[in-house]
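What follows is a short report on a single structure.
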């Protein structure tokens, strides 16, 4: 006979539902270890069914070890699960595994073996026991010189994580990491911007200016339109380039001016925000409902 104590023990070990634990124990004649295996096998099956679901919530994290730093994102389907203790432990476990390896990207991260299991297996187990699709993405390793400084900032417990490498002290590094988190720069400076992107933006702005000019009582000459376009383009580029942005702690000066006053320089930066580039769950839920209505 299966006891409540056995069911509780199995639930504590696996995180599975009470009825699932009871059934697993019945199928394995009360053998806890066999029941764990049974649930894992069943869990892997249910995890596979969740592969098509969308994980757009979760947490980003950043870790520093000596002259190396790591940033990564672990996703769940709901914000509620991202606060789950098992999920938080998984984020830390993955971080520990990645930081103490030579992994530099997502593919290497999924194949990394940690304490006898691949990270991919850890994610599948979490998907099975938590009940939501759990994924890992945007793994990046950053290295710095001995004389350089890391700045790491986490906003809302990992909703946003930013990492900077600077020549300068820790306070400036921290301030720059906060700025990157708040102001969302896409590039360090204009030299990083692709020329094709600039040309395409210039053409869009020119077409807009031409359309606006058609409605003017006194249309502007072509050379004036050119100046207007260049002015708008420069403003747009400054908004996305870190060194040209108004400094978040003092908008009266630019980041360049702040760095100059501190005799510092930003070498590189990374910024992660949960769910960037992922189709949101509401759209996925709608698709699931439509599929069910069609009998798929």
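Numbering (the working numbering), first residue to last: 2 to 297.
Backbone N, C-alpha and C define an ideal beta-carbon position, used for all residues, glycine too.
C-beta atoms of residue i and residue j nearer than 7 Å
i: residue 60; j: residue 83; result: yes
i: residue 123; j: residue 100; result: no
i: residue 183; j: residue 152; result: no
i: residue 271; j: residue 233; result: no
i: residue 113; j: residue 104; result: yes
i: residue 140; j: residue 273; result: no
i: residue 20; j: residue 7; result: no
i: residue 78; j: residue 56; result: yes
i: residue 225; j: residue 210; result: no
i: residue 171; j: residue 150; result: yes
i: residue 5; j: residue 40; result: no
i: residue 173; j: residue 263; result: yes
i: residue 58; j: residue 93; result: no
8 Å contact criterion, which residue i and residue j should meet: CB distance rounded
i: residue 3; j: residue 35; result: In fact, because the Cβ distance is near 13 Å, the residues do not count as touching under 8 Å.
i: residue 159; j: residue 76; result: 12 Å between Cβ atoms; not a contact.
i: residue 243; j: residue 191; result: Incorrect: roughly 11 Å between the Cβ atoms, too far for contact.
i: residue 180; j: residue 249; result: 4 Å
Of the residues the options, the one placed nearest residue i, counting alpha carbons only
i: residue 176; options: 265, 212, 32; result: 265
i: residue 142; options: 110, 120, 169, 148; result: 110
i: residue 268; options: 198, 256, 189, 254; result: 189
is_contact[residue i, chain D] using C-beta, thresh 7 Å
i: residue 107; result: No chain D is part of this structure, which consists of one protein chain only.
Residue i, DSSP secondary structure in three states
i: residue 141; result: strand
i: residue 103; result: coil
i: residue 303; result: Residue coverage of the chain in this structure runs from 2 to 297, which leaves residue 303 outside it and unanswerable.
i: residue 81; result: coil
i: residue 157; result: coil
i: residue 272; result: strand
i: residue 60; result: strand
i: residue 69; result: strand
i: residue 164; result: strand
i: residue 128; result: helix
i: residue 88; result: helix
i: residue 254; result: strand
i: residue 118; result: strand
i: residue 20; result: helix
i: residue 94; result: helix
i: residue 249; result: coil
i: residue 227; result: helix
i: residue 232; result: helix
i: residue 133; result: coil
i: residue 179; result: helix
Residue i to residue j span [Cα, whole Å]
i: residue 108; j: residue 144; result: 19 Å
i: residue 279; j: residue 222; result: 44 Å
i: residue 88; j: residue 227; result: 54 Å
i: residue 148; j: residue 69; result: 13 Å
i: residue 157; j: residue 66; result: 22 Å
i: residue 129; j: residue 187; result: 36 Å
i: residue 118; j: residue 14; result: 17 Å
i: residue 203; j: residue 252; result: 27 Å
i: residue 54; j: residue 9; result: 30 Å
i: residue 246; j: residue 219; result: 35 Å
i: residue 138; j: residue 106; result: 8 Å
i: residue 46; j: residue 240; result: Per-residue confidence for residue 46 stands at a pLDDT of 36, beneath the threshold of 50, marking its modelled position as unreliable; the derived number appears in the next sentence. Answer to the nearest angstrom: the Cα atoms are 48 Å apart.
i: residue 12; j: residue 258; result: 58 Å
i: residue 33; j: residue 155; result: 40 Å
i: residue 256; j: residue 164; result: 16 Å
i: residue 73; j: residue 254; result: 32 Å
i: residue 132; j: residue 277; result: 23 Å
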